[in-house]
Amino acid sequence: MNTVVRYLRADEWLSSKVVMMLGVCACFAFRALSDCVIALGVIVAFFVFCACFLSVSYVINDFFDREVDRLAGKRKTIAGMPTVAVAASIVLLVVVGCAPVLLLTQNRLVCIVVVGAVYALGAAYSMPPARFKERGAVGLLECAIAQRCMPLLLLPCLLGFDIYLEPAFWFWMFLSFLDGLRYILIHQLVDQENDRISGVTTYVGKASRPVRPLVASATLIELVICFVLTLPLARLQPFVVMLGFGCTVILEWCIYRVLHTYGGKDWLATFDSVPLEAYLSFVYPFMVGVVRAIFEWGTSGIGWDGVLFAATVLILSARPMKVKLDLAAIYIRSKRAGHLGGEKSNE
-16 MNTVVRYLRA DEWLSSKVVM MLGVCACFAF RALSDCVIAL GVIVAFFVFC
34 ACFLSVSYVI NDFFDREVDR LAGKRKTIAG MPTVAVAASI VLLVVVGCAP
84 VLLLTQNRLV CIVVVGAVYA LGAAYSMPPA RFKERGAVGL LECAIAQRCM
134 PLLLLPCLLG FDIYLEPAFW FWMFLSFLDG LRYILIHQLV DQENDRISGV
184 TTYVGKASRP VRPLVASATL IELVICFVLT LPLARLQPFV VMLGFGCTVI
234 LEWCIYRVLH TYGGKDWLAT FDSVPLEAYL SFVYPFMVGV VRAIFEWGTS
284 GIGWDGVLFA ATVLILSARP MKVKLDLAAI YIRSKRAGHL GGEKSNE
């Protein structure tokens, strides 16, 4: 099982990408569909599609980066696999991922077109002749759109095309684009030395200006959009949203102090804990489920769909959230011992 997880690199996309997209899906599904069973069915189908699509994208990337990874000293499962086995796994993932959404879609032809575009852009990032990952700024834009925005275009196919008319949908598209842009910039910053050794030319590798201001700007804009998109939940359950926001602020502050003081790292440009990841990939989706459950409880009984969704988010995000909480605990223990303040004053 661990070999499969490493092969699909599930730990790199499950919590940081899929759970966030599930939160968006649930936000629209709970509002558009009155039947909780159908709503959960759509969410499950969307989850399977996103998981399989991202698995395929990462497998294709690793397949075409085998020589690059060898030069960089990276040992990946795919390195010793025959091409036929890799191709068979890709076909299986595509079939498994597409079948549920094609069964539930409201317009199969449009859905097929969207699915084809999603996979084409996902593969083009790493696959020759396009190989956008080595095309500078264009590669950044392509990756952010392919992995973060394109899967969301399935939601109108599953929930009704009037979603296209909702400003919230396009806010989520823009937020997802910025989030994807931020992640790929951080990835290229972290991998800059390995890319140089293996001869891979990325945007960060040849950038003439500092990249950090771009990451900081994207983070700030995302924060503002997060606030706007959370307002509908706040109108329904202000206490839940205030609690979620408050916990996120405390968590991010603690993590910032630990990474900056003890690790000497740039909080904005490290994968140890990406800013806003806790909110977008756990707090917001979890609040969507909780608010749904409370709303249904007050109108027609316990909202089991909301309870199940919140529990699923909790399970999927448990491991990365534990890492963040452990970082925050370091700061709290240090404050109690009076160490952190002393070390900071000596810098």
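Per the working numbering: the sequence shown = residues -16 to 330.
Glycine included, every Cβ here is placed at the ideal spot set by N, Cα and C.
Note that this is a predicted model, so its numbers are computed, not measured.
Among residues of its own chain, excluding the 5 on either side of Phe46, which ones have a beta-carbon nearer than 7 Å to its beta-carbon? Ile61, Val69
Please identify the residue among Ile313, Tyr166, Gly182 whose C-alpha is closest to the C-alpha of Ser(-1). Tyr166
For a test of the three-state rule: what should DSSP assign to Gly182, helix, strand or coil? coil
Unbroken alpha helix (DSSP H) runs of length 4 or more, entirely within the segment 89 to 169: which are they? 91 to 107, 119 to 127, 137 to 142
Taking 7 Å as the limit between beta carbons, can you name the residues of its chain near Gln220, skipping five residues before and five after? Val274, Ile277
Measuring CA to CA, which of Ser200, Glu176, Tyr262 is closest to Leu297? Tyr262
Give me, in chain order, the residues of the same chain whose beta-carbon lies closer than 7 Å to that of Cys33; leave out the 5 immediate sequence neighbours on both sides. Val1, Met4, Pro134
Going by beta-carbon coordinates alone, are Met(-16) and Ile43 separated by less than 7 Å? no
If contacts are defined as beta-carbon pairs under 8 Å, then Val187 and Val194 qualify, I think. What distance do you get, rounded to the angstrom? 5 Å
Counting C-beta neighbours from all protein chains within 10 Å, is the total for Gly105 16 or more, i.e. buried, or is it exposed? buried
Distance check for Leu234 and Asp345, CA to CA, integer angstroms please. Because residue 345 is not part of the residues shown, which for the chain are -16 to 330, the question remains open.
Taking the straight line between their C-alpha atoms, what separation do you get for Pro83 and Arg49? 32 Å
When DSSP labels each residue in this structure, what does Met(-16) get in the three-state scheme? coil
Val207, enclosing alpha helix (DSSP H) - first and last residue: 195 to 219
For the pair the segment 139 to 152 and the segment 69 to 79, tell me if three or more CB-CB distances fall below 8 Å. no
According to DSSP, is Leu75 helix, strand or coil? helix
In the DSSP assignment, the alpha helix (DSSP H) including Arg316 goes from what residue to what residue? 287 to 320
Over the uninterrupted alpha helix (DSSP H) stretch that includes Phe265, give me the two end residues. Here Phe265 belongs to no alpha helix (DSSP H), and DSSP marks it neither H nor E.
Mapping the DSSP letters down to three states, classify Arg49 as helix, strand or coil. helix
Meets three-Cβ-pair contact criterion under 8 Å: the segment 13 to 22 and the segment 116 to 124: no
Just tell me which of Ser300, Tyr147, Ala71, Val241 has its CA closest to the CA of Ser317. Val241
Would you call the segment 212 to 230 and the segment 171 to 185 touching, i.e. three or more CB-CB distances under 8 Å? no
Exposed or buried, Glu205, counting other C-beta atoms within 10 Å across all chains shown (16 or more means buried)? buried
Write down the C-beta distance between Val271 and Cys35 rounded to the nearest angstrom, noting that I regard them as a contact closer than 8 Å. Actually they do not touch by this definition, with Cβ atoms about 23 Å apart.
Buried or exposed: which applies to Arg91, given that a residue is buried once 16 or more other Cβ atoms fall within 10 Å of its Cβ? exposed
From Tyr(-10), Val(-12), Arg(-11), Asp(-6), pick the residue whose C-alpha is nearest to that of Pro303; which is it? Asp(-6)
Among Cys132, Leu168, Val27, whose alpha-carbon lies nearest the alpha-carbon of Phe154? Cys132
Note down the Cα distance separating Glu125 from Leu37, rounded to an integer number of angstroms. 15 Å
Which word fits Ile285, buried or exposed, when buried means at least 16 other C-beta atoms lie within 10 angstroms of its C-beta? exposed
Inter-residue Cα distance where the pair is Arg114 and Leu136: 23 Å
Expressed to the nearest angstrom, what Euclidean distance is found between the alpha-carbon atoms of Gln89 and Ser159? 24 Å
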